[in-house]
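Below you'll find the structure, written out as structure tokens, and then a few comments.
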Amino acid sequence: MQENGVSAPVPEPGGPVIVEDPEVSTGRRKRRVRGLIALLKDPNLNFRWHAAEMLGPERDPEAVTPLIEALKDPYVDVQWLAAKSLGQIGDLRALEPLLEASASDDKWLRAGAAWGLGKLKDPRAVDRLLALLKDKKARVRKEAAWALGAIGDRRAAPGLTDALGDPDAAVREAARKALRAMGAGPQEPAGSPPPS
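Take the sequence shown: its position 195, counting from 1, is numbered 199 in our numbering, and each next residue is one higher.
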């Protein structure tokens, strides 16, 4: 077993079992999250984008507001990772900021916001994601197709069916998987009602 890259000793069979106190573990995690939040304001770009990336897997609601603020960081590397982390945390306070970020001029932020919206799985994002299916950048279209599949709202089926004709193979595959996930694959008309 490893913690922070250091191997923990393996107990001998029949020997004592050491169980970590959950309160100590929670305290460590909270300190780690607070440290990462502080790094979002660091002058060093590398620290900021690593912090933005690492906060998502922590899934701590305390990070939502600072990550929303990081969507406005001067560097897109921080912005798109903040968008993805907001999706990983899954807090609906991120919905409106991610919808706004999905209209950015930067393709990476649009793609990260689309992915984050998919992780939130809120049907209020469907219309915006359908618009992103027509984005000029294939990466954005692919993330939008994936997100629509993750949300699973059948209103997206006609747009995803259209995306099966996308010039980019990755977009077509994402649309195919999304349709399959919502039970509206190419073998059945996109607008048909779900099986009863």
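Cβ atoms here follow ideal geometry from the backbone N, Cα and C, with glycine treated the same way.
For a quick check, are the C-beta atoms of residue i and residue j less than 7 Å apart?
| i | j | result |
| --- | --- | --- |
| Gly2 | Leu96 | What is shown of the chain runs 5 to 200, which leaves residue 2 out entirely. |
| Val144 | Asp110 | no |
| Leu137 | Ala118 | no |
| Gly122 | Ala154 | yes |
| Leu134 | Ala182 | no |
| Ala179 | Ala167 | yes |
| Leu75 | Ala86 | yes |
| Val82 | Ala107 | no |
| Arg38 | Asp46 | no |
| Val68 | Ile93 | yes |
Just the Cα atoms here: how many angstroms apart are residue i and residue j?
| i | j | result |
| --- | --- | --- |
| Met186 | Thr165 | 12 Å |
| Gly91 | Ala173 | 25 Å |
| Arg63 | Arg128 | 22 Å |
| Leu43 | Leu59 | 11 Å |
| Lys88 | Glu147 | 11 Å |
| Gly156 | Trp84 | 23 Å |
| Leu2 | Asp170 | What is shown of the chain runs 5 to 200, which leaves residue 2 out entirely. |
| Gly163 | Leu124 | 20 Å |
| Asn48 | Arg35 | 21 Å |
| Pro65 | Arg158 | 30 Å |
| Arg114 | Trp150 | 13 Å |
| Leu40 | Asp77 | 15 Å |
| Arg184 | Val175 | 14 Å |
For residue i, does the three-state DSSP call read helix, strand or coil?
| i | result |
| --- | --- |
| Ser106 | coil |
| Ala179 | helix |
| Lys88 | helix |
| Met58 | helix |
| Asp172 | coil |
| Ala12 | With a pLDDT of 47 at Ala12, under the threshold of 50, the predicted position of this residue should be treated as unreliable, though the coordinate-derived value follows. Here Ala12 sits in coil by DSSP. |
| Arg4 | Because the chain here runs from 5 to 200, residue 4 falls outside it and cannot be looked at. |
| Leu75 | coil |
| Gly94 | coil |
| Leu44 | coil |
| Gly1 | Outside the displayed range of the chain (5 to 200) lies residue 1, so it cannot be described from this structure. |
| Ala188 | coil |
Alpha helix (DSSP H) segments (min. 4 residues) lying fully within the region 100-161: The alpha helix (DSSP H) runs lying completely inside the region 100-161 and spanning 4 residues or more are 111-124, 130-136, 142-155, given in chain order.
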